Structures are given as C-alpha cells and as structure tokens.
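Participant: So the sequence shown is numbered by our numbering: it starts at 286 and just counts up by one. In this text, a Cβ means the ideal position worked out from N, Cα and C, and glycines have one as well. Being a predicted model, the structure only gives us computed values, none of them experimental. My questions will all concern the structure given below.
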Amino acid sequence: MTDIARSAAAAPQSIFDSDWMIRVRRGSEALAIPIAALLVSAVLFSVFLLALGKSPAQFYQLIWLGGFGTGFSWSNTLLRAAPVMLTALAVAVPARLGLTMIGGEGALVLGGFTAAAIAIPLIGGGAPFVMHILMFAGALAVGAAWVGIAGALRQFRGVNETISTLLLSYIAIAIMNFFVEGALRDPADPNKPSTKALESAEMIGKLPGVDVHWGLAFAVVACVAVYILMFRTTFGFACKIAGGNARAALAQGLPVGRLVIVATLIAGACAGMAGYFEVAAVHGKANASLATGYGFTGILVAFLARQHPLAIVPVAILFGGIAAAGGIIQRRMGLPDATVLLLQGLTFVVLLASETFYGRLAIFNPKARTERT
Numbered sequence: 286m287t288d289i290a291r292s293a294a295a296a297p298q299s300i301f302d303s304d305w306m307i308r309v310r311r312g313s314e315a316l317a318i319p320i321a322a323l324l325v326s327a328v329l330f331s332v333f334l335l336a337l338g339k340s341p342a343q344f345y346q347l348i349w350l351g352g353f354g355t356g357f358s359w360s361n362t363l364l365r366a367a368p369v370m371l372t373a374l375a376v377a378v379p380a381r382l383g384l385t386m387i388g389g390e391g392a393l394v395l396g397g398f399t400a401a402a403i404a405i406p407l408i409g410g411g412a413p414f415v416m417h418i419l420m421f422a423g424a425l426a427v428g429a430a431w432v433g434i435a436g437a438l439r440q441f442r443g444v445n446e447t448i449s450t451l452l453l454s455y456i457a458i459a460i461m462n463f464f465v466e467g468a469l470r471d472p473a474d475p476n477k478p479s480t481k482a483l484e485s486a487e488m489i490g491k492l493p494g495v496d497v498h499w500g501l502a503f504a505v506v507a508c509v510a511v512y513i514l515m516f517r518t519t520f521g522f523a524c525k526i527a528g529g530n531a532r533a534a535l536a537q538g539l540p541v542g543r544l545v546i547v548a549t550l551i552a553g554a555c556a557g558m559a560g561y562f563e564v565a566a567v568h569g570k571a572n573a574s575l576a577t578g579y580g581f582t583g584i585l586v587a588f589l590a591r592q593h594p595l596a597i598v599p600v601a602i603l604f605g606g607i608a609a610a611g612g613i614i615q616r617r618m619g620l621p622d623a624t625v626l627l628l629q630g631l632t633f634v635v636l637l638a639s640e641t642f643y644g645r646l647a648i649f650n651p652k653a654r655t656e657r658t
C-alpha cells in the first residue's frame, strides 16, 4: 500500500508536469532569455546611437550588410567566428564544473606565439607538414598548460579561478611582447615587431569552395567533440555532478581534483588551437595582432550559448558577423571600431543581468508563481 502511495505521489499530476514538457520548458527558457537579452541590448544601444545623432536603423542595416549580406561578408564573418568558437569552449568546458575561467585570450596568444616560435628554425626547410604538426602540438600543449595552471591553483591552493585566469592573460600577452620585441624579433621587418613570417606556400590553405581557412572546420569539429565528451560520456557526467556539489561528488568517490585539472587542460588546448590557426592561416607570424580580443569575445559567446558546445557555433557566427561589420560601420557612419566593442560590452552586462530570470518566470516554471503566492 505504501509503495502504491509513493508511486502515485511520484507520478506527474498532469501532462504539463511530465518529463518531456519540463524539458520543453527548460529548452524554451534557455532560448528565450538570451534572445530577450540581445533585444534589450539592441534597444539600449539604439538609445546610445540616437544620443550621438546616428541612425540605429542604418547601424543594424550595416551590421547585416557587413556580416551577412554578401559572400565576401560571410567569409569575413566565418574567419572571425572560428577562433571565437574555440575560445568560447575554453569557457564552456570548465563551466561544466562550476568554474568561471576567462583565460582564453592568454592561452590563444601564448599558443599562437609558441607556434610561431617553433616555426622559426623550420621556415623554408621544405617540410611544411612536419613543421605544422610541431606547431599544432606546441600550441595545444602550451595553451593547455597555461589554463591548467589556473586549474591547479584553484584546486590545490583555493585561488579564485576568474582572477587568476584574467591575470594570466595579461602575463601571456606580456611574455609574447617581450620576445617578439626582443630575442625573436625578425630584423628584416622594420615596421611592426614580429617573429619571422611563414612563407606563403607554408601557410594553411582554405576550405574547398569557400574563402575560409581550415581553422573553421577544426573549430566546428572541436565543438561537436566537446559536446560528446561533456554530455555523452561518464567523464562529462562526473564533471556535471562535481560542478553541482563538489562535496557530494567527493563523498561518492569522484576524483574532483583530477576532473578540474583535465577540464582546464582541455579548455586551454582549445584556446591554444585558436592561436595556432591565427598564426598558421591568418597572420603567418606572431605579433600584437594576436591579442585582438577573440578570447574576451569567447566569454560573451559562451555565456550567451549557456555554455552549450553546439550552441556556441551559431552564436560565434553571429558575433563574428558583428565584428566583421566594424569596418563598414566606421566608413559609412563615422563611428570608431570601438563601437562594436561597446555593443558587445553592453550585451554582456545585459546578459549577466538576465541570469536572475532563470527559474523565476512563471511561463517557464509554473511552480515559481505558486511559490510566490
């Protein structure tokens, strides 16, 4: 009799309390709130443009034209989206463990610099395949180690991972500048301090049929691979349990410390891969152009995608398009490049504020209304 009563109590009260309906509501909430945050950001930024005497309609029209309006625009968009996908993964993977790591910029810069430094003695040597294998491995290893430092500090010394990854990013940029402007500077380049450039024949080629390098394909594959790892394996499930309650995970025998270290290594490797492709396919060398903010944009993309690896792909393309439109906005509206960064910053603030609405809106969570009444 007792079992029957328990079964009756556990059964859903109506179709709206069924598991699939709960999943639908949660999915709708995860989609609706970020979209609403984007719309609110657009409205607030329109007010800013009106205060400057500029037309918001023209601004958003130019964003569409510069990011998605032509084939050339799409190429520029995807070119910028590829590194953002990888740096967003550098935020999303540790987030599964409840960690807020924002060190993708530093790992990207240091990974790219490492790739360029490894290439210097091999440039023109006639073995580009071997050179790229070494560059790729070096970039991933250094990127992983750099973010792994923050993971180790968090796990073994209790250092706040957000602060440590932010500071490590600035240290990484300083390290690159130190060597690029000093011991590894190419004396044949009298202009911008840079390492020795790859020869054009040694650069990574483009995907068939499109004007975008192979980094885009690697980034999409990385997003899919991380999704499978974090959502379809016991490792990902263990990370989720440890992220929900570390003490309970330890009580169940989960190796929380090892999970943290492995997750941060994966995160850093993703950002390091972004740095490799920036050197091997875009710049051909390491210089200050590596630190263009892809790592910081990745933070915004990861939050907007709710740290879901597959959702990162379309969101990164959206922000790649916004970044690609910066030039045409500057030329036609007389606004500086920082305008796009201002829009991204405003979006990030609104997005953080929107976090308070999760689980509180009655349309997605009927119990919220019941509890309030």
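#1: Determine the closest residue to alanine 659 out of Ile613, Gly580, Arg308, with distance taken between C-alpha atoms.
#2: Spatial neighbours of valine 427 within its chain, please: C-beta separation below 7 Å, excluding the five flanking residues on both sides.
#3: Would you call the CB atoms of glycine 389 and glycine 583 closer than 8 Å?
#4: Taking three-plus beta-carbon pairs below 8 Å as touching, is the region 361 to 374 in contact with the region 522 to 536?
#5: Residues in its own chain within less than 8 Å of glycine 410 by CB, not counting five upstream and five downstream?
#6: With a CB to CB cut of under 8 Å and the five nearest residues on each side skipped, what residues in its chain are close to phenylalanine 649?
#7: Between the region 564 to 576 and the region 483 to 502, do three or more beta carbon pairs fall short of 8 Å?
#8: Using C-beta distances below 6 Å, list every residue in its chain close to arginine 470, excluding the 5 sequence neighbours before and after it, in chain order.
#9: Which whole-angstrom value describes the C-beta separation of proline 341 and serine 331, a residue pair presumed to lie in contact below a C-beta threshold of 8 Å?
#10: Which residue or residues does DSSP assign as beta-bridge partners of histidine 498?
#11: Between glycine 529 and the rest of its own chain, which residues show a CB-CB distance below 8 Å, the 5 nearest in sequence each way excluded?
#12: Look at the alpha carbon of glycine 589 and the alpha carbon of proline 472, and state the distance between them as a whole number of angstroms.
#13: Thinking just about the alpha-carbon of each residue, which of Tyr643, Ile613, Gln629 is nearest to the one in glutamine 343?
#14: To the nearest angstrom, how far is it from the Cα of isoleucine 320 to the Cα of glycine 354?
#15: Please state the DSSP three-state secondary structure of leucine 483.
#16: Can you tell me which of Leu419, Asp496, Leu393 puts its alpha carbon nearest to the alpha carbon of isoleucine 456?
#17: Leaving out the 5 sequence neighbours to the left and right, which residues in its chain are closer than 8 Å to isoleucine 403 when beta-carbon positions are compared?
#18: Measuring only from the beta carbon, is phenylalanine 581 closer than 7 Å to any heavy atom that is part of the ligand ATP?
#19: Just verifying my parser: in three-state terms, what is the DSSP assignment at lysine 525?
#20: Using a threshold of 8 Å, state whether the C-beta atoms of proline 379 and cysteine 508 are closer than that.
#21: Look at the alpha carbon of glycine 443 and the alpha carbon of alanine 435, and state the distance between them as a whole number of angstroms.
#22: Over the uninterrupted alpha helix (DSSP H) stretch that includes tyrosine 345, give me the two end residues.
#23: Is it true that the CB of alanine 601 sits closer than 8 Å to the CB of glycine 352?
#24: Suppose you measure from the CA of leucine 550 to the CA of glycine 356; what does that come to, to the nearest Å?
#25: Could you spell out the range, first to last residue, of the alpha helix (DSSP H) harbouring glutamine 592?
#26: If you check the beta carbons only, do glycine 560 and valine 432 fall under 8 Å apart?
#27: Helix, strand or coil for proline 319, going by three-state DSSP, please let me know.
#28: Tell me which same chain residues have a C-beta within less than 8 Å of the C-beta of methionine 286, skipping the five on either side of it?
#29: Between His568, Leu539, Gly521, Phe441, which lies nearest to alanine 548 when the distance is taken from Cα to Cα?
#30: Between leucine 363 and aspartate 496, what straight-line distance do the alpha-carbon atoms span, to the nearest angstrom?
#31: Comparing alpha-carbon positions, which option in Leu337, Ala429, Tyr643, Asn572 lies nearest isoleucine 458?
#32: Is it buried or exposed for phenylalanine 604, if we count other Cβ within 10 angstroms and need 16 for buried?
Facilitator: Well, looking at it:
#1: One cannot answer for residue 659 here, as it falls past the ends of the chain, which runs 286 to 658.
#2: One-based indexing of the sequence shown puts residue 427 at position 142. Correct list, in chain order: Leu395, Gly396, Thr399, Gly557.
#3: As a first step, residue 389 must be located in the sequence shown, where it is residue number 104. As a first step, residue 583 must be located in the sequence shown, where it is residue number 298. In contact: glycine 389 and glycine 583 (Cβ atoms closer than 8 Å).
#4: no
#5: Residue 410 sits at position 125 when you count from the first residue of the sequence shown. Around glycine 410: Met416.
#6: The residue given as residue 649 occupies position 364 in the sequence shown. Arg310, Arg311, Ser313, Glu314, Ala317.
#7: yes
#8: One-based indexing of the sequence shown puts residue 470 at position 185. Within the same chain, arginine 470 has close Cβ partners Pro478.
#9: Numbered from its first residue, the sequence shown carries residue 341 at position 56. Numbered from its first residue, the sequence shown carries residue 331 at position 46. At roughly 4 Å, the Cβ-Cβ gap stays under 8 Å, so proline 341 and serine 331 are in contact.
#10: Your numbering for residue 498 matches position 213 in the sequence shown. Histidine 498 is bridged to Lys491.
#11: Counting from 1 along the sequence shown, the entry for residue 529 is found at position 244. Excluding residues within five positions, the ones whose Cβ falls inside 8 Å are Gly383.
#12: Position 304 of the sequence shown, counted from the first residue, corresponds to residue 589. Position 187 of the sequence shown, counted from the first residue, corresponds to residue 472. Reading the sequence as shown, one finds leucine at residue 589 and not glycine. Cα-Cα distance, rounded: 43 Å.
#13: If you number the sequence shown from 1, residue 343 lands on position 58. The option with the nearest alpha carbon to glutamine 343 is Ile613.
#14: Mapped onto the sequence shown, residue 320 falls at position 35. Mapped onto the sequence shown, residue 354 falls at position 69. Straight-line Cα distance between these residues: approximately 21 Å.
#15: If you number the sequence shown from 1, residue 483 lands on position 198. It is coil, neither helix nor strand.
#16: Position 171 of the sequence shown, counted from the first residue, corresponds to residue 456. Out of Leu419, Asp496, Leu393, Leu393 has the C-alpha closest to the C-alpha of isoleucine 456.
#17: In the sequence shown, the residue the question calls residue 403 occupies position 118. So the qualifying residues of the chain are Met416, Leu419, Met420, Gly423.
#18: Annotation note on the ligand ATP: not contained in the displayed structure, which lists no ligands.
#19: Walking along the sequence shown from the start, residue 525 turns up at place 240. Of the three classes helix, strand and coil, the one that applies to lysine 525 here is helix, per DSSP.
#20: Taking the first residue of the sequence shown as 1, we reach residue 379 at position 94. Taking the first residue of the sequence shown as 1, we reach residue 508 at position 223. No, these two residues do not count as a Cβ contact at 8 Å.
#21: The residue given as residue 443 occupies position 158 in the sequence shown. The residue given as residue 435 occupies position 150 in the sequence shown. Cα to Cα, glycine 443 sits roughly 10 Å from alanine 435.
#22: Counted from its first residue, the sequence shown places residue 345 at position 60. That run of the alpha helix (DSSP H) goes 341 to 353.
#23: Reading the sequence shown from its first residue, position 67 is the one you call residue 352. Reading the sequence shown from its first residue, position 316 is the one you call residue 601. Not in contact: glycine 352 and alanine 601 (Cβ atoms no closer than 8 Å).
#24: The residue you call residue 550 lines up with position 265 of the sequence shown. The residue you call residue 356 lines up with position 71 of the sequence shown. Cα-Cα distance, rounded: 36 Å.
#25: Position 307 of the sequence shown, counted from the first residue, corresponds to residue 592. Where glutamine 592 is concerned, there is no enclosing alpha helix (DSSP H), given that its DSSP letter is neither H nor E.
#26: The residue given as residue 560 occupies position 275 in the sequence shown. The residue given as residue 432 occupies position 147 in the sequence shown. No, they are not a contact pair.
#27: To locate residue 319, count along the sequence shown from 1; it is residue 34. Reduced to three states, the DSSP call for proline 319 is helix.
#28: The residue labelled residue 286 in the question sits at position 1 within the sequence shown. The pLDDT assigned to methionine 286 is 45, lower than 50, so where the model puts this residue is not dependable; a value taken from the coordinates is nonetheless given after this. Closer than 8 Å at Cβ, skipping near neighbours: no residue.
#29: By 1-based counting over the sequence shown, the position of residue 548 is 263. Ranking His568, Leu539, Gly521, Phe441 by Cα distance to alanine 548 puts Gly521 first.
#30: The residue labelled residue 363 in the question sits at position 78 within the sequence shown. The residue labelled residue 496 in the question sits at position 211 within the sequence shown. Each residue's Cα considered, the two are about 9 Å apart.
#31: Residue mapping note: residue 458 aligns to position 173 of the sequence shown, counting from 1. Isoleucine 458 has its Cα closest to that of Asn572, out of Leu337, Ala429, Tyr643, Asn572.
#32: Taking the first residue of the sequence shown as position 1, residue 604 is located at position 319. When all chains shown are included, phenylalanine 604 counts as buried.
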